[in-house]
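Asks: I'd like to ask some things about the structure below.
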Amino acid sequence: HATTAKQAKIAEDGPKNAFTGTNLSPRYFSILKKRRELPVYEQRQEFLDLYHKSNVLVFVGETGSGKTTQIPQFVCYDDLPQKKGKMVACTQPRRVAAMSVATRVAQEMDVVLGDEVGYSIRFEDMTSDKTFLKYMTDGMLLREAMNDPDLTKYSTIILDEAHERTLATDVLMALLKDVVLRRADLKLVIMSATLDSKKFQSYFHGAPLLAVPGRTHPVEIFYTPAPEDDYLSAALRTTLSIHDSQPEGDILVFLTGEDEIERAAAKIRAEVQEADMGPLDVYPLYGGLTPQQQQKIFNPPPKADVNGRPGRKCIISTNIAETSLTIDGIVYVVDTGFSKQKVFNPRVRYESLLVTPISQASAQQRAGRAGRTQPGKCFRLYTETSFKDDLIPQTYPEILLSNIAATVLELKKLGVEDLVHFDLMDPPAPETLMRALEELYYLKCLNIDGDLTEMGKLASEYPLDPAMAVMLISSSEFYCSNEILSICSLLSVPNIFVRPNHAKQKADEMKAFFAHDLGDHLTLLNVYHAFKSDEAQEDPKQWCHEHFLNYRALTQADNIRMQLKRIMERQEIELVSTPHTSPKYYDNIRQALVAGFFMQVAMKQSNNRPYLTVREEQKVVIHPGSTLKHEAEWVLYNEFTLTSANYIRTTTAVKPEWLIELAPEYYDIEDENFPDGDIKKALRRARNGVHRSEKGRK
Ligand code: ADP
Ligand code: MG
Numbered sequence: 030h031a032t033t034a035k036q037a038k039i040a041e042d043g044p045k046n047a048f049t050g051t052n053l054s055p056r057y058f059s060i061l062k063k064r065r066e067l068p069v070y071e072q073r074q075e076f077l078d079l080y081h082k083s084n085v086l087v088f089v090g091e092t093g094s095g096k097t098t099q100i101p102q103f104v105c106y107d108d109l110p111q112k113k114g115k116m117v118a119c120t121q122p123r124r125v126a127a128m129s130v131a132t133r134v135a136q137e138m139d140v141v142l143g144d145e146v147g148y149s150i151r152f153e154d155m156t157s158d159k160t161f162l163k164y165m166t167d168g169m170l171l172r173e174a175m176n177d178p179d180l181t182k183y184s185t186i187i188l189d190e191a192h193e194r195t196l197a198t199d200v201l202m203a204l205l206k207d208v209v210l211r212r213a214d215l216k217l218v219i220m221s222a223t224l225d226s227k228k229f230q231s232y233f234h235g236a237p238l239l240a241v242p243g244r245t246h247p248v249e250i251f252y253t254p255a256p257e258d259d260y261l262s263a264a265l266r267t268t269l270s271i272h273d274s275q276p277e278g279d280i281l282v283f284l285t286g287e288d289e290i291e292r293a294a295a296k297i298r299a300e301v302q303e304a305d306m307g308p309l310d311v312y313p314l315y316g317g318l319t320p321q322q323q324q325k326i327f328n329p330p331p332k333a334d335v336n337g338r339p340g341r342k343c344i345i346s347t348n349i350a351e352t353s354l355t356i357d358g359i360v361y362v363v364d365t366g367f368s369k370q371k372v373f374n375p376r377v378r379y380e381s382l383l384v385t386p387i388s389q390a391s392a393q394q395r396a397g398r399a400g401r402t403q404p405g406k407c408f409r410l411y412t413e414t415s416f417k418d419d420l421i422p423q424t425y426p427e428i429l430l431s432n433i434a435a436t437v438l439e440l441k442k443l444g445v446e447d448l449v450h451f452d453l454m455d456p457p458a459p460e461t462l463m464r465a466l467e468e469l470y471y472l473k474c475l476n477i478d479g480d481l482t483e484m485g486k487l488a489s490e491y492p493l494d495p496a497m498a499v500m501l502i503s504s505s506e507f508y509c510s511n512e513i514l515s516i517c518s519l520l521s522v523p524n525i526f527v528r529p530n531h532a533k534q535k536a537d538e539m540k541a542f543f544a545h546d547l548g549d550h551l552t553l554l555n556v557y558h559a560f561k562s563d564e565a566q567e568d569p570k571q572w573c574h575e576h577f578l579n580y581r582a583l584t585q586a587d588n589i590r591m592q593l594k595r596i597m598e599r600q601e602i603e604l605v606s607t608p609h610t611s612p613k614y615y616d617n618i619r620q621a622l623v624a625g626f627f628m629q630v631a632m633k634q635s636n637n638r639p640y641l642t643v644r645e646e647q648k649v650v651i652h653p654g655s656t657l658k659h660e661a662e663w664v665l666y667n668e669f670t671l672t673s674a675n676y677i678r679t680t681t682a683v684k685p686e687w688l689i690e691l692a693p694e695y696y697d698i699e700d701e702n703f704p705d706g707d708i709k710k711a712l713r714r715a716r717n718g719v720h721r722s723e724k725g726r727k
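All residue numbers for the sequence shown refer to the numbering used here, where the first residue is 30 and numbers rise by one.
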C-alpha cells in the first residue's frame, strides 16, 4: 500500500483517532492546526513519494521545521506499523530530547505517553506492547542491535540529528547500511539539521535527498569589541541588559553545564528582583532535569507589568537547545561561544568533558534560534576576529574524541570482526582503536587474538562501561556482589550530594556524617545503606532533604540497581555479602573495585609532589571534596576531570599487593613498556614484600 498526503489529512481530521478509535480531544485539534503550519507539512506528499521509492532517504531541514515531531507521524500514517506488529523508531542523541519529544508527540497524537507513543532511554523504558512509535536514544537502539542485529522489530528506523555525529549514531549508520541490504522491508530515514547533507547522501550510495526550505527571519549578529575574560559574568550582564532595554521577545542563553546554569539562573533572578526590572521567568535546561522540569520551558512568558514593561522568559541552556529542542518565541540569543565537549587523549587514555570553544557551524545554529518567529538578535560574547580565526568550521564527530572501548565491545558482540575495515563515516584514529582493544584485553573481555571471551560476552550485556561491568561480574568472587551492585548504581547517576551555595557548611557536615575514611566509593555505600534504612524510608524525600542528598538521584540509583540485578540473576551471578562485622568487609569491596578499575590508579609521590597515574604517568590531584582521609599511597579513581588542576574524583585507597595479584598483566613490571620510575620501584617493593597469604577472604 502507498498512501497519500490527502488520505493522511482525512484520517487526521477525525473525528475518531485513526490509531485508537476513540474520539479526538479539543486539544488535539488545536495542536493539529499548529502542526499544519510547520514547514514540513507542505512537503508531506513529496516525502511520501521518496519514502515509497527508496529504502534509504536523507531529510534535511532547519531546526524547528517539524522534522522530529512530524516525520515519524508521517511515517506511521503510511507504514501502519501496528498492523504488522512492528514499530517505528526515531533516535535522538540526547535523553532529554527523547523524553521531551515523545511527550509532545503523544499529545499530538492524542494518546497516553507510554501507550502508542513511548520512549526508551538507558535505565528507563517508557513503552508497552501497544507502542508502535518509539523515540529512543541512539545508544539504546545500538544495544538492541546487539541482541537483534537485523532490528527486526522495526519497519522504519529514523536516525534523527545525524549532523550531531554522536558515536552511537555513527555506528548505527554503518550497521544499518548493511541491514537495509539484508532486509528489503526496512526503511531508513536519516534526518539532519545542517548543510552536511551531501556527506550523508554519498555515504548512503547516493540516497535521495529532501530538503525543507527554512522559514527563518534575519538575525542581527553582535560581537564584543574585545575578548571577554569571564564569559559567565558577560552572559549575565548581557542578559540583564537585553531584558532591561529590548522590545518584547524571549531570551535563550547558552552556557555549558548544570552547576554553571543553576548559578546563573539564581543570579539573574536575584538581580531582576533587586533592580526592580520587568517580569522575567528564568528556566534552566540541561540533561539532568526531570521531565516535568523540562516541560516548563514551553510555558508561555509572563505578561507585561503595569508599567508596560514586557514580560519574558529566559532559558539558560546547554547546547541541548542548539538543535535538539525548539522553543518558540525566542528573539534574543546570548552565545558564550563555549560548550562542554568530550575530549579523549588515547596516549594517556583519559576521557573527559571539557569546556571547549564551539565551532562556526554551532555558532550559526545558535544564532538561528533567534529568528524562528520574527527577526531576532544574537549577542556573541567573543570578537568577530575570534569567530573567523579561532573557531573550527565544523564540530568534530564524537568518534574522534572518545574512548571507544565500550563501542568496540558492542561491535565484537555484534559479530563485526574486522574493525579496521568497518565502514564508518569517519574512522577513529588507529591509536584510539588500538587503545580500546588493549583495554578490553586487560579486562579479559577479548583474548590475545582480539576475539570476544566469555567475560566479554557477559560484560557486553550491561549498559555500563566495560571496566564497571567487569567489576560487577567479578564481585561475587570477592563476596560483595550486593555491595558492588549498589556502588555501580550510585556511580551511574548524577552526584547524590547536594551542596547549595547558602548552606555549604551544613551540607559538608552532613556529608561528613556518611564519610568513610578509606574513600568515596565506601561513602556512597554508607549513604545508600542509610537511605534504605527503615528510618529514612518512612519519609525518604524529607530524609534526603535533611541530609543534603539528592532524592531523585538516589531513587534513580535504586531503580538502576534493580535492572542491573536482573541481568546478574540471568547470568547466574551470586548475590552475596561479607558479614558487615567481618574485618574483611571493606577490604573485599576494595578488591572488587580493583578487579574492574585497575587501569585507573594513581600513586602518591614522595615529598608532597602530586599523585601520578600508573603507566600513563599523569600528574593528578585528589578532588578536595573527597572523603578519603589519610594520605593513601595508592588510590583508585573513577573520574578524571581537567579543570584548573587535573582532579581525580571518587577515589578510594587500595593496596599495591592487590594490583599485582588481580591485574598481573597490567602491573607486569617486567613488561618493557612499563615506564621506569617511582611507580615501578614501589611495585617491585610490594611484590617482594608479599608473602602471599592464602585466599581465605571470607
Ligand atoms: P525540528 O526537529 O525540525 O527541529 P521539531 O519537530 O522538534 O522540529 O519542532 C517543531 C515544532 O513543534 C516546534 O517549533 C514547536 O513549535 C513544537 N514543539 C516541539 N516540542 C514541543 C513541546 N514539548 N511543547 C510545545 N511545542 C513543541
Ligand atoms: Mg529535531
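Where a beta carbon is used, it is the ideal one built from N, C-alpha and C, also for glycine.
#1: In terms of residue numbering, what span does the alpha helix (DSSP H) encompassing G405 cover?
#2: Exposed or buried, what is G718 when buried is set at 16 or more other beta-carbons lying within 10 Å of its beta-carbon?
#3: Taking contact to mean 3 or more Cβ pairs, one atom from each stretch, closer than 8 Å, check whether the segment 70 to 82 and the segment 43 to 51 are in contact.
#4: Within the segment 184 to 270, note down every full alpha helix (DSSP H) run reaching 4 residues or more, in order along the chain.
#5: Just mark I516 as buried or exposed, buried being the case when its beta carbon has 16 or more other beta carbons within 10 Å.
#6: Measure from the alpha carbon of R644 to the alpha carbon of each residue in Y696, E690, T679, V664, then state which is nearest.
#7: Between the Cα of Q102 and those of P339, K684, A135, L86, spot the shortest distance and give me the residue it belongs to.
#8: Would you check if the distance between the CB atom of I150 and the CB atom of M138 is smaller than 8 Å?
#9: Going by DSSP, what residue range makes up the beta strand (DSSP E) through D279?
#10: Per DSSP, V130 is paired with what?
#11: Going straight from the alpha carbon of I187 to that of I219, what length do you get?
#12: Check S381 in the structure and name its three-state DSSP category.
#13: Compute the Euclidean distance between the alpha carbons of A582 and N524, then round it to the nearest angstrom.
#14: Assign M539 to one of three DSSP states: helix, strand, or coil.
#15: Buried or exposed: which applies to F560, given that a residue is buried once 16 or more other Cβ atoms fall within 10 Å of its Cβ?
#16: Under the DSSP definition of a beta bridge, which residues are partnered with C119?
#17: In angstroms, rounded to a whole number, what distance separates the CA positions of L314 and I345?
#18: Below 6 Å CB to CB, which residues in the same chain sit around A333 once its five sequence neighbours on both sides are set aside?
#19: Using the Cα positions of L239 and S83, report the straight-line distance between them to the nearest angstrom.
#20: Closest to R124 by CA distance: which of F88, Q99, K163 is it?
#21: Tell me whether D189 counts as near the ligand MG, meaning its Cβ is closer than 7 Å to at least one heavy atom of that ligand.
#22: State yes or no: is the C-beta of V208 within less than 8 Å of the C-beta of D167?
#23: Count the C-beta pairs between the segment 699 to 717 and the segment 679 to 691 that are closer than 8 Å, then say yes if the count reaches three, no if not.
#24: Got a list of residues with beta-carbon closer than 5 Å to any non-hydrogen atom of the ligand ADP, in chain order?
#25: Would you kindly check if the distance between the Cβ of K369 and the Cβ of G286 is under 8 Å?
#26: Which full runs of the alpha helix (DSSP H) of 4+ residues lie inside the segment 295 to 342, going along the chain?
#27: Go through its chain and collect everything with a Cβ distance to T98's Cβ below 7 Å, but skip five positions before and after it.
#28: Does DSSP put Y57 in a helix, a strand or coil?
#29: According to DSSP, what are the bridge partners of R728?
#30: For a test of the three-state rule: what should DSSP assign to K159, helix, strand or coil?
#31: Return the first residue and the last residue of the beta strand (DSSP E) that F367 is part of.
#32: Run the CB neighbour count on A299, radius 10 Å, all protein chains shown included, and call it buried at 16 or more, exposed below.
#33: T461 to S431, Cα distance in whole Å?
#34: Considering Cα atoms alone, identify which of A255, G444, N617 is closest to L509.
#35: So, for A586: in the same chain, excluding its five sequence neighbours on each side, which residues have a beta-carbon less than 6 Å away from its beta-carbon?
#36: According to DSSP, simplified to helix, strand and coil, what is L551?
Replies: Taking the geometry as given:
#1: Counting from one through the sequence shown, the residue named residue 405 turns up at place 376. That residue, G405, is in no alpha helix (DSSP H); its beta strand (DSSP E) goes 405 to 409.
#2: Here residue 718 refers to the residue found at position 689 of the sequence shown. Looking at its Cβ environment, which holds fewer than 16 other Cβ atoms inside 10 Å, G718 is exposed.
#3: no
#4: 196 to 211, 226 to 232
#5: Within the sequence shown, the letter at position 487 stands for residue 516. When all chains shown are included, I516 counts as buried.
#6: On the sequence shown, residue 644 is found 615 positions in, with the first residue counted as 1. Nearest C-alpha to R644: Y696.
#7: Within the sequence shown, residue 102 is the residue found at index 73, counting from 1. That would be A135, whose Cα lies nearest to the Cα of Q102.
#8: Locating residue 150 in the sequence shown gives position 121, where the first residue counts as 1. Locating residue 138 in the sequence shown gives position 109, where the first residue counts as 1. Their beta carbons are not under 8 Å apart, which means I150 does not touch M138 by this criterion.
#9: Within the sequence shown, residue 279 is the residue found at index 250, counting from 1. That run of the beta strand (DSSP E) goes 279 to 283.
#10: As a first step, residue 130 is located in the sequence shown; it is residue number 101 there, counting from the start. In the DSSP output, where bridge partners are listed per residue, V130 has none listed.
#11: Here residue 187 refers to the residue found at position 158 when the sequence shown is read from its first residue. Here residue 219 refers to the residue found at position 190 when the sequence shown is read from its first residue. Roughly 6 Å separates the two Cα atoms.
#12: Residue mapping note: residue 381 aligns to position 352 of the sequence shown, counting from 1. Of the three classes helix, strand and coil, the one that applies to S381 here is strand, per DSSP.
#13: Translated into positions along the sequence shown, residue 582 becomes position 553. Translated into positions along the sequence shown, residue 524 becomes position 495. Rounded to whole angstroms, A582 to N524 spans 7 Å at the Cα level.
#14: Taking the sequence shown and counting its residues from 1, the one referred to as residue 539 is at position 510. Correct three-state label for M539: helix.
#15: For the purposes of this step, residue 560 is taken as residue 531 along the sequence shown, with counting starting at 1. Counting Cβ neighbours within 10 Å, F560 comes out buried, since at least 16 surround it.
#16: The sequence position of residue 119 within the sequence shown is 90, counting from 1. Bridge partners of C119: Y164, I187.
#17: For the purposes of this step, residue 314 is taken as the residue at position 285 of the sequence shown. For the purposes of this step, residue 345 is taken as the residue at position 316 of the sequence shown. Straight-line Cα distance between these residues: approximately 6 Å.
#18: The residue you call residue 333 lines up with position 304 of the sequence shown. Answer for A333: P339, G340, listed in chain order.
#19: The count along the sequence shown starts at 1 and reaches residue 239 at position 210. The count along the sequence shown starts at 1 and reaches residue 83 at position 54. Going by the C-alpha atoms only, they are around 12 Å apart.
#20: Along the sequence shown, one-based indexing puts residue 124 at 95. Considering only alpha carbons, the answer is K163.
#21: What you label residue 189 is simply residue 160 of the sequence shown in a count that begins at 1. Yes, Cβ of D189 sits closer than 7 Å to a heavy atom of the ligand MG.
#22: Taking the first residue of the sequence shown as 1, we reach residue 208 at position 179. Taking the first residue of the sequence shown as 1, we reach residue 167 at position 138. No; because the gap between Cβ atoms is not below 8 Å, this pair is not in contact.
#23: yes
#24: T92, G93, S94, G95, K96, T97, T98, R133, F327, T355, D357
#25: Within the sequence shown, the letter at position 257 stands for residue 286. Within the sequence shown, the letter at position 340 stands for residue 369. The answer is yes: Cβ separation under 8 Å.
#26: 320 to 324
#27: For this step, residue 98 is matched to residue 69 along the sequence shown. So the list reads V130, R133, V134, E137, once near-sequence residues are dropped.
#28: Here the question's residue 57 lines up with position 28 in the sequence shown. Helix.
#29: Only positions 30 to 727 of the chain appear in this structure, which leaves residue 728 out of reach.
#30: Here residue 159 refers to the residue found at position 130 of the sequence shown. Here K159 sits in coil by DSSP.
#31: Residue numbering aside, residue 367 sits at position 338 when the sequence shown is read from its first letter. 367 to 374 is the extent of the beta strand (DSSP E) around F367.
#32: In the sequence shown, the residue the question calls residue 299 occupies position 270. It counts as exposed.
#33: The residue you call residue 461 lines up with position 432 of the sequence shown. The residue you call residue 431 lines up with position 402 of the sequence shown. Using only the alpha carbons, I get a separation of about 8 Å.
#34: Position 480 of the sequence shown, counted from the start, is the residue given in the question as residue 509. Residue identity differs from the one stated: residue 509 is Cys in this sequence, not Leu. Among A255, G444, N617, the Cα nearest to that of C509 belongs to N617.
#35: For the purposes of this step, residue 586 is taken as the residue at position 557 of the sequence shown. Excluding residues within five positions, the ones whose Cβ falls inside 6 Å are S518, L519, V522.
#36: Looking up residue 551 in the sequence shown gives position 522. DSSP places L551 in helix when its eight states are reduced to three.
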